[in-house]
Amino acid sequence: MGAHRSFAERYPAHIPLPPTAPRPTPAREAFRPVTIRTARDAVAAAAGYLRWLGFRDVVQPEERPVSGVDLRAPGLVAQVDPSTRQTGLRAVECLWLNGLSASAVSVFFSLAGYTPEARSRAAEIGLPLFVLDLTGTPQPVNLAADELAAGGA
Numbered sequence: 012m013g014a015h016r017s018f019a020e021r022y023p024a025h026i027p028l029p030p031t032a033p034r035p036t037p038a039r040e041a042f043r044p045v046t047i048r049t050a051r052d053a054v055a056a057a058a059g060y061l062r063w064l065g066f067r068d069v070v071q072p073e074e075r076p077v078s079g080v081d082l083r084a085p086g087l088v089a090q091v092d093p094s095t096r097q098t099g100l101r102a103v104e105c106l107w108l109n110g111l112s113a114s115a116v117s118v119f120f121s122l123a124g125y126t127p128e129a130r131s132r133a134a135e136i137g138l139p140l141f142v143l144d145l146t147g148t149p150q151p152v153n154l155a156a157d158e159l160a161a162g163g164a
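So for the sequence shown, this note's numbering puts the first residue at 12; every next one is plus one.
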């Protein structure tokens with residue numbers, strides 16, 4: 012058997028309290044947007060933003076796959092819709108399914124915004140939606156995007 016421990020050793024006078032305040036997130040530099048003139052610029056802006064959020068090794072496949080996923084990183088699939096039409100429900104659901112099959116976070120970026128059906132579905136499934144303005148600055152569209160922007164990867 013082990014040595015006898017005194018009452019003071021068994022029950023220290025000071026027991027640290029668990030943290031009650033949220034831990035401060037490490038300070039990030041300000042995001043530096045890329046002005047959007049072409050579809051390629053939109054993808055570059057989204058990639059830069061994802062890196063800024065903390066995703067590592069964000070790459071654009073050389074050939075765009077049939078799935079439409081424009082950006083990948085470990086644990087991430089992202090799509091950028093540079094068209095002038097609002098992104099629809101099907102595109103959001105396809106990206107979400109790609110993320111599920113890859114066990115990855117899915118993130119969507121759009122220049123023209125989203126249809127009401129796409130926004131509603133993204134809210135149901137927790138898929139972050141961002142709108143890119145022409146300065147290349149992503150703006151969160153839903154709660155999932157707000158949380159990702161606030162907390163990072």
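Ideal Cβ placement from N, Cα and C applies to all residues, glycine included.
On a predicted model such as this, the values are computed, not experimentally measured, just so you know.
- Taken through DSSP and simplified to helix, strand or coil, Arg-83 comes out as strand.
- Taking all protein chains shown into account, Thr-98 has 16 or more neighbouring C-beta atoms within 10 Å of its C-beta and is therefore buried.
- Linking Cys-105 to Ile-47 through their CA atoms gives a straight-line distance of about 25 Å.
- For Leu-108, the uninterrupted alpha helix (DSSP H) segment begins and ends at 100-112.
- Secondary-structure assignment with DSSP links Leu-64 through no beta bridge to anything.
- If only uninterrupted beta strand (DSSP E) runs of at least 3 residues are considered, those enclosed by the segment 123-163 are 140-143, 149-151.
- No residue range can be given for Ser-17, since it is assigned to no beta strand (DSSP E) and is classified by DSSP as neither H nor E.
- Per the C-alpha coordinates, the member of Gly-110, Gly-86, Arg-51 positioned closest to Asp-68 is Gly-86.
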